[in-house]
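Numbering (full-length UniProt numbering), first residue to last: 1 to 124.
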């Protein structure tokens, strides 16, 4: 009777190995997908921090009269710099609106800065 039972254990082990192999492949694919998505989240977070730093840089520089006086109404000015390894491109356009709030100039025109900052270098 022992000879018949020895073959049954081998078949049971083969079935368990097959089930394990079938479960291992999707588990590995899930791990790879999770790793890629976490890398994307880290990249997006770095880009958002770089954009925030660029916005702060622009706002800080706009407090300097020499910086703001270098703009011509409606003509964009671009700045490129690196924020902790993330290249950032900044485009600033001055739009002067007579009589609107903000900083009044000697000619009664007003500087109303608008900002649109995006990370550059393919890091979306």
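For each residue, glycine too, the CB sits at the ideal point set by N, CA and C.
Need the endpoints of the alpha helix (DSSP H) that residue 67 sits in, please.
From DSSP, the alpha helix (DSSP H) with residue 67 extends over 65 to 68.
Identify whether residue 87 lies in helix, strand or coil by the three-state DSSP scheme.
Of the three classes helix, strand and coil, the one that applies to residue 87 here is strand, per DSSP.
Between which residues of its own chain and residue 124 is the CB-CB distance below 7 Å, once the five residues before and five after are set aside?
Caution is warranted here: a pLDDT of 47 is assigned to residue 124, below 50, making its placement in the model unreliable, and the coordinate value is therefore given only provisionally. So the list is empty, once near-sequence residues are dropped.
Near residue 65, which residues of its chain fall below 6 Å by C-beta distance, leaving aside the five closest residues on each side in sequence?
No residues qualify anywhere along the chain.
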